[in-house]
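Here's the structure we're looking at; comments come further down.
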Amino acid sequence: MTAPLAAPVLRDFLRAARSAGLRVSTAEGLDAIRAAEAVGLADRATLRDALSLVLAKTAEEKRRFEECFALFFGREGFREVPAPPRPAAEGAPEPAAPEGPGAAGGIGGGDMGGGATPSPLGRMLLAGDRAGLAAAMEQAAEAIGLSNISVFTQVNMYARRIMERMGLEELEDEIAALRRDPAGAERAARLELARDYLRGEVRELVQRNLLLFARGETERWREEMLRQARLAGLDRRDAERMRVLVRAIARRLATRYARVRRRDRRGQLDARRTLRRNMAWGGVPFRTVWKQRKVEKPRLFVLCDVSGSVAAVAEFLLLFVYSLHEALSGVRAFAFTSGTIEVSEILEREPIEQAIAQIMGRIGFGSSNYGTSLEDFEKGWMQAVDRRTTVIVLGDGRGNRTEPRVDILQRLAGRAKQVIWLNPEHPASWGSGDSDMLRYAPHCRLVAHCATLAQLERVIGDLLRDHAG
Amino acid sequence: MNDGGMLQRRVASIEAVEAGLGAAGYIASRPIATAIYLAQRLEKPVLVEGPAGVGKTELAKAVARWLGLPLVRMQCYEGLDESKALYEWKYGKQLLYTQILKDRLAPVLGEAASLEQAIERLHGVGDVFFSRHFLEPRPLLRALEAPAGAVLLIDEVDKSDQEFEAFLLELLSDYQVTIPEIGTVRAAVPPLVLLTSNAMRDLGDALKRRCLHLHIGFPDPKLEARIVASRVPEAAAGLRRQIVAFVQGLRRLDLRKLPSVSETIDWAQVLVLLHARELGADLVRETLNVLLKFESDIRAADSQIAPLLFRAREEAATAAA
Chain A
1 MTAPLAAPVL
11 RDFLRAARSA
21 GLRVSTAEGL
31 DAIRAAEAVG
41 LADRATLRDA
51 LSLVLAKTAE
61 EKRRFEECFA
71 LFFGREGFRE
81 VPAPPRPAAE
91 GAPEPAAPEG
101 PGAAGGIGGG
111 DMGGGATPSP
121 LGRMLLAGDR
131 AGLAAAMEQA
141 AEAIGLSNIS
151 VFTQVNMYAR
161 RIMERMGLEE
171 LEDEIAALRR
181 DPAGAERAAR
191 LELARDYLRG
201 EVRELVQRNL
211 LLFARGETER
221 WREEMLRQAR
231 LAGLDRRDAE
241 RMRVLVRAIA
251 RRLATRYARV
261 RRRDRRGQLD
271 ARRTLRRNMA
281 WGGVPFRTVW
291 KQRKVEKPRL
301 FVLCDVSGSV
311 AAVAEFLLLF
321 VYSLHEALSG
331 VRAFAFTSGT
341 IEVSEILERE
351 PIEQAIAQIM
361 GRIGFGSSNY
371 GTSLEDFEKG
381 WMQAVDRRTT
391 VIVLGDGRGN
401 RTEPRVDILQ
411 RLAGRAKQVI
421 WLNPEHPASW
431 GSGDSDMLRY
441 APHCRLVAHC
451 ATLAQLERVI
461 GDLLRDHAG
Chain B
1001 MNDGGMLQRR
1011 VASIEAVEAG
1021 LGAAGYIASR
1031 PIATAIYLAQ
1041 RLEKPVLVEG
1051 PAGVGKTELA
1061 KAVARWLGLP
1071 LVRMQCYEGL
1081 DESKALYEWK
1091 YGKQLLYTQI
1101 LKDRLAPVLG
1111 EAASLEQAIE
1121 RLHGVGDVFF
1131 SRHFLEPRPL
1141 LRALEAPAGA
1151 VLLIDEVDKS
1161 DQEFEAFLLE
1171 LLSDYQVTIP
1181 EIGTVRAAVP
1191 PLVLLTSNAM
1201 RDLGDALKRR
1211 CLHLHIGFPD
1221 PKLEARIVAS
1231 RVPEAAAGLR
1241 RQIVAFVQGL
1251 RRLDLRKLPS
1261 VSETIDWAQV
1271 LVLLHARELG
1281 ADLVRETLNV
1291 LLKFESDIRA
1301 ADSQIAPLLF
1311 RAREEAATAA
1321 A
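Those protein sequence lines, which keep their order, are chains A and B.
Using the working numbering, count along the first sequence one by one with no gaps and you end on 469.
Using the working numbering, count along the second sequence one by one with no gaps and you end on 1321.
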């Protein structure tokens, strides 16, 4: 029985919830409505518990849900003192129709006698009919589509439209008329006071709606900007947001590629599984099962230049790769400036922020020397590189005019499945000055410009797709 | 005699759930009761998440006790598959019966003139060996077939593989499963399904979408005191208040594994056995290993015992007043 009543409110709430970042599917939306019907709308705490069960599916989502719920159902305007202090508001009735003859006429209408018949809005203001005003305001907001608000600059416009819809023009005329009449001066003053108060209430309503419905938009917009932003020049303030974003992207890629894919290997019968499958025919092998081979997940070696110019990108590359571990069969990470060290252990043990700080403390901020770094790598870990290994090198290829030792990279490319070089510099400057990029490039399967998260995402996504293919 | 109707009546309101679970020895907070109520109303499974030891599994047991339904429990682990969760053919029994019935089959087939005829006759006999008699039902099938409904507890679903999670979807949304040789088995009375997870890995969105999601965190002091009172009634009120206040204080420390409700209950039992009337520094130090399970945690807490104890006594005193 509550259904027709509940539906529109809940529909608005679902929109607000989506805008707050909850992913609410249509099915969940329907469940929410059924849940609300089951518990009723009367008790707010119960309703909150019920909707939270249906709509929010992680701890983080629960938090957002609570926030959104409080904001949304807290919006019942006109809770405190109505402006005109004189007509006592004790009679504040339940949601009366705006032109209800009872309450408004009874209190306000009696003493006004002559002069113009006041507009419905004026009457409600003078009578202090809070519920009526709130209802009228909500109606007006609904009529002009307040929930479409998307940026803060629209606040004034929406506020004005609501006021007009509620009958501001009539009210102004009325005030003007009263001003002309010497006897009406006092009433005019009261109406003006009330009008200003109403304006405040309307603005507040619009602000709340901006918070409720527009947050999703701005959030999405900012995310898009971050994806395109240069990682090296990132604000400290945005770094945390960026980490969240990287983890989200990595998680998406990981769930897409983490499944172990199998491919039939033709020709070899899997006797055990064939028997099992054909049990239904008494063990006569009608259906054959062939041995399968798991499609390998990529094994990654990541070599990061952590000298000043590339360090910021290195942090995000490492964060990305380590958030992906489900989709990879193994990751080893190395950091170098003028020498190479393995950093896998630090990265596995510490949260990424501390890990990066530690790595920097150990070898960061020197001037890079690709030659000696590659020598170190060859001595220490070349043995571990095999045909299944993909090597990703992240660096600008600027060795400060030292010997680049291209031959080592060549040997590395010979041993490994492939070498991918990511360079945060724009391709136009590759090979200029002390950059040895163009000398390394022939030995890499792919050299990619990688300065933003979007580019990083594309490279890693391609890598996983190639393997899954 | 409709058993679904019986459930409907028992789970009449959120208050009824609260009272019923209370009678079954489980002190439920309001959100928990709401979840059970809605699970019955909307016929949806409940996914319960939260730290270990806050009573996720216990909730399922209490619901079963309260409603008088059988509890079917399925513990998930890596490598769990359909044949262990749903059904399996009793292969040995099938073999044995074919051997025993060999003699019986001979006269049936003996008179057949040709191979075609023999096969024709065999078809007439039907799929005797792939009937219910040779089917070994595993937990999921048992829960579906329970005549009066059941409480199905799928424990630690996060430990199972993704494939298994996908397999659960049909069961959870329609309360039915398909067995190729027999057909689709549909539950007469949908079981009340509870899934628990310790967040070992993130569960798939598809699974989450089909469930109500209940997060049980550590209880607030009032609720915890009620839980301890219900589980360890021998503990005197004063001691109980101190225990709860101390554990609550302990949870504010930076520990590897925070003590959970189950640990609080264990501790209360230990203290009762030791005839403790109130907490003392030495007593706490000696029994701290009941609450904390890591050597490093015990060492970290050891230095904090005096201030924690002081505050716990104070809080207990104000709570009593």
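No residue lacks a Cβ here, since even glycine has one placed at the ideal position from N, Cα and C.
When the five nearest sequence neighbours on each side are left out, the beta carbons in the same chain lying within less than 8 Å of the beta carbon of G1238 of chain B are those of R1277, E1278, A1316, A1320, in order along the chain. When Cβ-Cβ separations below 8 Å define contact, T46 of chain A makes contact with chain B. Secondary structure remark: continuous alpha helix (DSSP H) runs of at least 4 residues inside the stretch 1016–1072 of chain B, in chain order: 1030–1042, 1056–1067. For L53 of chain A, the neighbours in chain B by C-beta distance under 7 Å run, in chain order, T1034, A1035, L1038, L1212, H1213, L1214. DSSP places I356 of chain A inside the alpha helix (DSSP H), whose first and last residues are 352–363.
Listed in chain order, the beta strand (DSSP E) elements of length 3 or more contained wholly in the stretch 263–305 of chain A are 290–294, 299–305. Taking 8 Å as the cut-off, the beta carbon of L1141 of chain B is found no closer than this to the beta carbon of Y1175 of chain B.
In the displayed model, H1123 of chain B falls within a helix according to three-state DSSP.
The stretch 32–46 of chain A makes no contact with the stretch 1199–1207 of chain B, as fewer than three CB pairs between them are under 8 Å. Under the DSSP assignment, N423 of chain A falls outside any alpha helix (DSSP H), being part of the beta strand (DSSP E) whose first and last residues are 418–423. Of the residues A:D376, A:L438, A:Q268, the one whose Cα lies closest to the Cα of G339 of chain A is A:D376.
With contacts defined as CB atoms closer than 8 Å, V385 of chain A and R415 of chain A qualify as a contacting pair. Chain A places a beta carbon closer than 8 Å to that of L1042 of chain B, counting this residue as a contact.
The CB of R1030 of chain B comes closer than 8 Å to the CB of A45, T46, D49 in chain A, given here in chain order.
The criterion of a C-beta distance shorter than 8 Å is satisfied by D1266 of chain B and V1290 of chain B. If you ignore the 5 residues before and after A176 of chain A, its C-beta comes within less than 7 Å of no other C-beta in its own chain.
Contact check for L422 of chain A against W430 of chain A fails: the beta carbons are separated by 8 Å or more. Residues of the stretch 1089–1121 of chain B that bring their beta carbon within less than 9 Å of a beta carbon in chain A comprise W1089, Y1091, Q1094, T1098, in sequence order.
For P1051 of chain B, the closest of B:Q1094, B:S1260, B:L1214, B:S1173 by C-alpha to C-alpha distance is B:S1260. Under the DSSP assignment, T390 of chain A falls in the beta strand (DSSP E) whose first and last residues are 389–394. DSSP, reduced to helix, strand and coil, places S52 of chain A within a helical segment of the structure shown. Against K1208 of chain B, the close residues of chain A are K57, T58, in the order they occur along the chain (beta-carbon pairs closer than 9 Å). For R398 of chain A, the CB contacts under 6 Å within the same chain, skipping 5 residues up- and downstream, are D434, S435 in chain order. With respect to the 8 Å criterion, D1161 of chain B and A1199 of chain B are not classified as neighbours on the basis of their beta carbons.
Rounded to the nearest whole angstrom, the CA to CA distance from R1009 of chain B to F13 of chain A is 31 Å. Per DSSP, the continuous alpha helix (DSSP H) segment holding R1313 of chain B begins and ends at 1305–1320. Our two residues, L191 of chain A and R161 of chain A, have alpha carbons roughly 20 Å apart in a direct line. Restricted to the stretch 1196–1237 of chain B, the beta strand (DSSP E) segments that are unbroken, complete and at least 3 residues in length are 1212–1215, listed in chain order. DSSP, reduced to helix, strand and coil, places V39 of chain A within a helical segment of the structure shown.
Counting only unbroken stretches of 3 or more residues, the beta strand (DSSP E) elements lying wholly within the stretch 1154–1191 of chain B are 1176–1179, 1183–1186, in sequence order. Between H467 of chain A and K297 of chain A, the alpha-carbon positions lie close to 7 Å from each other.
Only those residues of the stretch 1160–1176 of chain B whose C-beta falls short of 8 Å from the nearest C-beta of chain A are listed: Q1162. E1314 of chain B is classed as exposed because its beta carbon has fewer than 16 other beta carbons within 10 Å across all chains shown.
Around the CB of T389 of chain A, 16 or more other CB atoms lie within 10 Å, so the residue is classed as buried. In the structure shown, R1138 of chain B adopts coil according to DSSP, grouped into three states. For K62 of chain A, a Cβ of chain B is located within less than 8 Å of the residue's own Cβ.
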